[in-house]
Amino acid sequence: MRCLDWVVVWAIDMANGSRIDPWSSDQSTDYGRIIEQFGLGTVDPNEIPNPGMLHRRGIVFAHRDLDVVVGCMNSSEPFGVLTGLMPSGRMHLGHSMVIEQVKWFQQQGADITVTVADLEALATRGTSLSKGRETAIKEYVHNYAAMGLRPESTNVYFQSSRPAVQRLAFSLGRRTNLSEFEAIYGFAGDTNLAHVQAPLVQVGDIIHPQMDEFGGLRPIVVPVGVDQDPHLRLTRDIAQKTNWFNVKSRKSGGLTVALSVQDENSLAFGVNPNGRVDRETRDSVFSRMEESIRDLGFSDILSNPKHGTMEVPAATQSDRSKIRMSMLRLEREMGGMGLMPPCSTYHRFAVGMNGDKMSSSKPETTIFMDDDVDEMTKKVNRALSGGQPTVEEHRRLGGDTSKDVAFQYLQFFFEEDDAALEDVRRDYESGRLLAGEVKQLCIDGASEWLKDLKEKRQQWEGQLDDFLAPDAN
Ligand code: TRP
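If you read the sequence shown in numbering that gives the first Met the number 0, its first letter stands for residue 0, the second for the next number, and so on.
Spelled out as structure tokens, the structure:
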């Protein structure tokens, strides 16, 4: 399918309210509806340790299982971040939002894995692998370094040169089918097969850091724009399908662990080829489960090996993740994959200079990481403003911050100080500050930001290999 067709499919489906297209350049901004429709959690900055600027301002607005990651932060347990970039154009401010978050996670103790989606760029944009590689390093990795990602705990790899990711993509592909892809992505008979493979490779990207050779079992959080949520839903769904043990709420309080008998584990679970349950094997599985759960400090455990369930009446919802974790560990010991569904966070999209969507194919709509101060100044001066047509009206009615692009750029990128930002908001909305003055504040902030970034890029020149994983060299 070509780009335009995508937009059409997406538009039709958005009207039906059922689909987000990750490859469309269109962007829905009905965040409330997205939260409701896809069952996302909302982010409460008060529940996050050292919330960053994007959390405090409601720009990172939704999540799945972020509490699991926050639990790791609070108890200094390991967790990882996986993020990906499509190496098919210049890096702009919109892309920097994810890196801001990655940096924050890194400061809270996360290890970082960065996917260069060179296979996806080939599949969906026709970018050759060698061109993708060059763009990834020059444009993206270089700016990530300049933004302050630390190389010691950052690993950049390429989809095309990490066999473990491709192996996962292939084997996890058994857990889904074309109808599901049709429903999630709108794929049809004329979709090229590389494009069909791309989401599976992304599933491999997201899952693989939990494998033993890439850091082992630990929560992995994926910070993305909402447009990437279909991939997260698919990955979570597939990971759950592979799980040998399910942890569910128990009707009369507590949690229940239930065996999920599948081809891969039926022998290990004591299900004979004739369907009969082998008591001895089943009992020994249950004693291992029981031991794992006792190790967590529970003593009241009701086992029902015949039905394949084990109840833990005293367990609360907040015990769920440690019980799940110990069952995944046991699954791995028994020969299963033991995959945790990924956690995720979602950020709002920054608007383009014209107040519509930002697009790298329309350079006037966005600020690029290597724009010089003159280019940036021109763009900001032409940006959509929330000011009134005349000074008199403006003084009387005040500016509209919800429309004003310069104000929003201060909010998203250039004014880190919350109190200073609120001063600007108050003065602008009351009419004390004029639109041109807000633009100047934005230009001042952006100039400093861009100059600093440029300086840092120069410092990193020639040293980017520090960020690359061994298989990326
Ligand atoms: N699909 C992403 C994009 O369009 C790139 C990507 C590939 C990615 N694998 C990923 C993003 C894993 C997050 C996690 O930009």
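Each residue gets a CB set at the ideal place from its N, CA and C atoms; glycine is no exception.
From Ala193, Thr376, Ile205, Pro340, residue whose alpha carbon lies closest to that of Asn242: Taking the first residue of the sequence shown as position 1, residue 242 is located at position 243. The shortest C-alpha separation from Asn242 is found at Pro340.
Residue closest to Ala238, alpha-carbon to alpha-carbon, out of Asp371, Gly172, Arg431, Asn45: Counting from 1 along the sequence shown, the entry for residue 238 is found at position 239. Among Asp371, Gly172, Arg431, Asn45, the Cα nearest to that of Ala238 is on Gly172.
Cβ-based burial, Ala182 [other Cβ within 10 Å; buried from 16]: Residue mapping note: residue 182 aligns to position 183 of the sequence shown, counting from 1. With fewer than 16 Cβ atoms within 10 Å of its Cβ, Ala182 is classed as exposed.
Residue closest to Asp64, alpha-carbon to alpha-carbon, out of Phe297, Cys342, Glu35: Residue 64 sits at position 65 when you count from the first residue of the sequence shown. Answer by Cα proximity: Cys342.
Proximity of Pro208 and Leu81 at Cβ, strictly below 7 Å: In the sequence shown, counting from the first residue as 1, residue 208 sits at position 209. In the sequence shown, counting from the first residue as 1, residue 81 sits at position 82. The answer is yes: Cβ separation under 7 Å.
As assigned by DSSP and simplified to three states, the class of Val477: Residue coverage of the chain in this structure runs from 0 to 472, which leaves residue 477 outside it and unanswerable.
Check: Val221 C-beta below 6 Å from any heavy atom of the ligand TRP: On the sequence shown, position 222 is the one that residue 221 refers to. True, at least one ligand heavy atom lies under 6 Å from that Cβ.
Contacts around Phe104, its chain only, beta-carbon distance under 6 Å, and the 5 residues preceding and following it disregarded: For the purposes of this step, residue 104 is taken as residue 105 along the sequence shown, with counting starting at 1. Contacts found: Val80.
For Arg55, three-class secondary structure by DSSP: Residue numbering aside, residue 55 sits at position 56 when the sequence shown is read from its first letter. Helix, per DSSP.
Residue closest to Asn472, alpha-carbon to alpha-carbon, out of Leu92, Phe157, Arg287: Counted from its first residue, the sequence shown places residue 472 at position 473. It is Phe157 whose Cα lies nearest to the Cα of Asn472.
Rounded C-alpha distance that separates Val223 from Phe244: Within the sequence shown, the letter at position 224 stands for residue 223. Within the sequence shown, the letter at position 245 stands for residue 244. Roughly 29 Å between the two C-alpha positions.
Closer than 6 Å: Gly108 CB and nearest the ligand TRP heavy atom: To locate residue 108, count along the sequence shown from 1; it is residue 109. Result no, Cβ not under 6 Å from the ligand TRP.
From Asn353, Val379, Lys402, residue whose alpha carbon lies closest to that of Gly386: Your numbering for residue 386 matches position 387 in the sequence shown. The shortest Cα separation from Gly386 among Asn353, Val379, Lys402 belongs to Lys402.
Which of helix, strand or coil DSSP assigns to Met336: Residue mapping note: residue 336 aligns to position 337 of the sequence shown, counting from 1. Here Met336 sits in coil by DSSP.
Residues near Arg217 by beta carbon distance below 7 Å, same chain, minus five either side: Residue numbering aside, residue 217 sits at position 218 when the sequence shown is read from its first letter. Result list for Arg217: Pro77, Phe78, Gly79, Gln209, in chain order.
Cβ neighbours of Thr153 in the same chain (closer than 7 Å, five flanking residues each side left out): The residue you call residue 153 lines up with position 154 of the sequence shown. Closer than 7 Å at the Cβ level, and outside the excluded window around Thr153, lie Ile111, Val113, Phe466.
Close beta carbons around Arg394, own chain, < 7 Å, minus the five adjacent residues each side: Numbered from its first residue, the sequence shown carries residue 394 at position 395. These residues qualify, in order along the chain: Gly430.
Spatial neighbours of Asp282 in its chain, beta-carbon cut-off 7 Å, leaving aside the 5 residues before and after: Looking up residue 282 in the sequence shown gives position 283. Around Asp282: Pro304.
Range of the contiguous alpha helix (DSSP H) that encloses Asn245: To locate residue 245, count along the sequence shown from 1; it is residue 246. Careful: Asn245 lies outside any alpha helix (DSSP H), inside the beta strand (DSSP E) at 244 to 248.
Beta-bridge partners of His62, as assigned by DSSP: Stepping through the sequence shown from its first residue, residue 62 is reached at position 63. DSSP lists Gly40, Thr344 as partners of His62.
Cα-Cα separation between Leu329 and Pro229, rounded to whole angstroms: Taking the first residue of the sequence shown as 1, we reach residue 329 at position 330. Taking the first residue of the sequence shown as 1, we reach residue 229 at position 230. The alpha-carbon atoms of Leu329 and Pro229 are separated by roughly 29 Å.
Nearest residue (CA-CA) to Val59, options Ala122, Gly31, Asp294: Here residue 59 is taken as the residue at index 60 of the sequence shown, counted from 1. Per the Cα distances, Gly31.
Bridge partner(s) assigned by DSSP for Gly79: Counted from its first residue, the sequence shown places residue 79 at position 80. According to DSSP, which records beta bridges pairwise, Gly79 is partnered with Asp110, Ile219.
Near the ligand TRP: Ala471 beta-carbon under 6 Å from a heavy atom: The residue labelled residue 471 in the question sits at position 472 within the sequence shown. No; taking the cut-off as 6 Å, the Cβ of Ala471 has no heavy atom of the ligand TRP nearer than that.
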